[in-house]
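First up is the structure itself, then whatever we jot down about it.
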Amino acid sequence: MLNLENIRHSLAHLLAAAVLKKYPKTKLGIGPTIEEGFYYDFLLPAGKKFSPDDLKEFEKTMRELIKQNLLFSGKKVTAAEAKKLFADQQFKLDLIKEFSKEAKQLSVYYTCPPKTSNLSPKTCFMDLCRGGHVKSTKEIHADAFRLTKIAGAYWRGDEKNPQLQRIYGVAFKTKKELEDYLKLQEEIEKRDHRKIGERLELFSFEEVSQGAPFWHGKGMIVFRELEKFIREEQDKAGYEETSTPIMVKKEIFEKSGHWQFYRENIFHFKEGDDTLVLKPMNCPESTYIYNSRTRSYKDLPLRLSEIGRLHRNERSGTLGGLFRVRQITMDDAHIYCRRDQIQSEISSLLKLAHKVYKIFGFEERFYLATKPAHALGDVKLWQEAEKALVMALKENKVKFEIAPKDGAFYGPKIDIHIKDALGRDWQLATIQLDLVMLPERFNLAYIDEKGKKQRPVVIHRAILGSFERFIGILLEHFAGALPLWLAPVQVAVLPVGEKFESYGRKVYDELKTAGIRAELSTANETLGKRIREAEMQKIPYILVVGEKEEEAKNVNVRHYKRGQEREITIGKFLAKIREEIEKKAS
RNA sequence: GCCAGCGUAGUUCAGUGGCAGAACGCAAACUUGGUAAGUUUGAAGUCGGGAGUUCGAUUCUCCCCGCUGGCUCCA
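For the first sequence, this note's numbering gives the first residue as 13, with consecutive numbering after it.
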């Protein structure tokens, strides 16, 4: 049985061998396997850079190496031996130092032509490696791999270290699997929300505002419908919607700790004696509403929601379409509650998230993110908070994985991820338990049954995360064909010819009166062309009307997924479409 | 921010050191149709911005801006 991991790992070595062949003085970083393939990090001799053409050349060299039926063999070595072997490889020496500190067994792998006993660099490629290779390159299909991209990557992932150049490759057991992978990539590219957004006139990005979309009329409908949906759900779940200022004095974020941790990413400017900031977060401001009066234990839980517009000065290189923006709209909320209410609040949040995601056909996966390296507050409080989250997850019989050190600086969190139609993973909801930041730093209190002052806890949560990002995910998930309730245009009315435009207008008017988002197409083009246009705009329903329909007061229905359906009365169609919208069917 | 690539009409792209091009879209006219592209005509450009080299720069060089992929980051 071929082992894919071994194939990929071996290809990483062959890539390094190919690079060394062209640039013998290259310093090697590391070359592990990753989800679909492998990468290898290199530091080229001064003045040399990889270009896309190099990738073609390296692929060719690798194929030649594969065809030589090279053999992989490993050998255990001591730290001293390893240091000698890799004397001119600074990064390997780094690794040797690190591994010896951890008392790891070191080993070296050679890739040599068959029947060679000479292990010199002239005949064999040598790498410090813990193993996991094919025996012979015979096991590698020369046409089932491809070098895909060049990237910069810091040594050991640390920005303070030198930046190496990384070459990524994908690899599979068979050529067919590689082709399937490439086809999927094409599909992903076709579904790119930026392209769909432009084609469907939903939003645009303009040079005058980097990282902030301009929402056009049709896109705003999607945005608004989502907001409406979330508001309705929150109303039902006992939230009070609030709105706090976008621009506030810096001090409030110094108090919360955000300034300390995220100063680089906070937009701020001087105004007189004050420094004002555009809020990067709603949390601290929400406490002012909580603290505006004395709270009794009977007031809790107090669930304050805010569809907040936030600004974060994300580094330019991290921006991308709607997925990462500088102006972000969050479906945020802060739940102020007693310690004995944590479990039930989290349970209802898990249920709320499930209810919301189900509508879009998303399946959830759960992660418990624990205390990060830089954090506020006492370890004991963190332990308490993490324990509470674990209990809530277990109580709800939810399977979860641990995301170590991935918590917020003020508390651990439950992150909910979903998989989209193409199997890609996205993080959406976050449920954070804060026993420190807001409660302690903003001196929150409530009066208990005995009239004594107590400190509440705060659950920070978002279900969609950001509207911008969520819409991006939806567009890719549905390939632009949004569910009826979200579709900017729900129905296109197409009279077959000029003679039937007045009947078409009557149908259109009835739809509009019923609150349906409809469009009437005038008959300047052929019916076929207008159907094509409506299909390309991903309009869910096309109603064709002509002589037959006018006589019977009917509409002829065509659906974007089900194709042409039957002729029914206007009344029946209205009832049907209203029900589908109500049910949020997709 | 860093590494690599890219930036020409609304869009997708071709092209050149010497008058700026195609397709689709758009507009107008004709056509009045039965379930994915009817015909003709036309408008449309600071060739991302600035500087330099040159008789002449959209093309060559440098700087800046923006976009794409990746690294780091993501409260």
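Virtual Cβ for every residue (Gly too), placed ideally from N, Cα, C.
- DSSP on Lys195, reduced to helix/strand/coil? Helix, per DSSP.
- Query: Looking only at DSSP bridge pairs, what is Phe137 linked to?
  - Reply: Thr123
- In chain order, what residues of the same chain lie with their CB nearer than 8 Å to the CB of Leu238, ignoring the 5 residues before and after it? Leu476, Phe479, Phe482, Ile483 and Leu498
- Message: What does the Cβ neighbour count give for Arg338, buried or exposed, with the cut at 16 atoms within 10 Å?
- Response: buried
- Message: Quick check on this structure: which residue in Ile371, Arg211, Phe454 and Glu461 has the alpha carbon closest to the alpha carbon of Val469?
- Response: Phe454
- Would a C-beta distance cut-off of 8 Å place Ser533 and Val503 closer than the cut-off? no
- Taking all protein chains shown into account, do 16 or more other C-beta atoms lie within 10 angstroms of the C-beta of His386, making it buried, or fewer, making it exposed? exposed
- Message: I need the boundaries of the alpha helix (DSSP H) containing Ile242, first residue and last residue.
- Response: Gly229 to Lys248
- Message: My output table needs one value for Leu506: the three-state DSSP class, helix, strand or coil.
- Response: strand
- Task: Quickly, what does DSSP pair Ala530 with across the bridge? List them, please.
- Result: Per DSSP, Val503.
- Message: So Glu413 and Tyr379 are supposed to be a Cβ contact under 8 Å. How far apart are they, rounded?
- Response: 5 Å
- Distance, Cα to Cα, Arg20 vs His153? 11 Å
- Task: Go ahead and pull the three-state DSSP assignment for Thr160.
- Result: Thr160 falls in the strand class under three-state DSSP.
- Query: Quick one, are the C-beta atoms of Leu486 and Phe585 less than 8 Å apart?
  - Reply: no
- Just checking my contact of Ala535 with Glu562 at CB under 8 Å: how many whole Å lie between their CB atoms? Between Glu562 and Ala535 the Cβ distance is about 14 Å, and since that is not below 8 Å, they are no contact.
- Query: What is the DSSP secondary structure of Ile582, reduced to helix, strand or coil?
  - Reply: It is helical.
- Message: By alpha-carbon positions, which one of Leu290, Glu283, Lys95 and Gly144 ends up nearest to Leu83?
- Response: Closest in alpha carbon position to Leu83, among Leu290, Glu283, Lys95 and Gly144, is Gly144.
- Task: Look at the Cβ atom of Ala249, then the Cβ atom of Ser360, and state whether they are nearer than 8 Å.
- Result: yes
- Three or more C-beta pairs below 8 Å linking the region 199-217 and the region 76-96: no
- Anticipated Cβ contact below 8 Å, Leu67 with Ile179, distance rounded: Taking the Cβ atoms as the reference, Leu67 lies roughly 7 Å from Ile179, within the contact range of under 8 Å.
- Item | Classification of Gln395 by the beta-carbon crowding that lies within 10 angstroms, buried from 16 upward | exposed
- Task: Given a cut-off of 8 Å, decide if Leu212 and Lys550 are closer than it, judged by their beta-carbon atoms.
- Result: With contacts defined by Cβ atoms closer than 8 Å, Lys550 and Leu212 form a contacting pair.
- In chain order, what residues of the same chain lie with their CB nearer than 7 Å to the CB of Phe265, ignoring the 5 residues before and after it? Once the five neighbours on either side are set aside, the close Cβ partners of Phe265 are Trp271, Ile278, Val289 and Pro296.
- Determine the contact status of Leu496 and Glu592, defining contact as a CB-CB distance below 8 Å. yes
- Item | Met259: first and last residue of the uninterrupted beta strand (DSSP E) it sits in | Met259 to Lys261
- First and last residue of the beta strand (DSSP E) that includes Leu555? Tyr553 to Val557
- Query: Would you report the Cα separation of Glu594 and Lys464, rounded to the nearest angstrom?
  - Reply: 48 Å
- With DSSP collapsed to three states, give me the class of Asn566. strand
- Query: Of the residues Lys431, Leu523 and Arg473, which one's Cα is nearest the Cα of His489?
  - Reply: Closest by alpha carbon: Lys431.
- Task: Could you spell out where the beta strand (DSSP E) holding Ala474 opens and where it closes?
- Result: Val469 to Ser478
- Message: For Ala546, count the other beta carbons within 10 Å of its own beta carbon; 16 or more makes it buried, fewer makes it exposed. Which is it?
- Response: buried
- Query: Would His472 be called buried (16 or more neighbouring beta carbons within 10 Å of its own) or exposed?
  - Reply: buried
- Message: Mapping the DSSP letters down to three states, classify Ile46 as helix, strand or coil.
- Response: coil
- Item | Residue from Asp437, Phe421 and Asp247 with nearest C-alpha to Val391 | For the residues Asp437, Phe421 and Asp247, the minimum Cα distance to Val391 belongs to Phe421.
- Can you tell me which of the three DSSP states Lys596 falls into? coil
- Alpha carbon to alpha carbon, how far is Phe335 from Ile443? Give it in angstroms, no decimals. 20 Å
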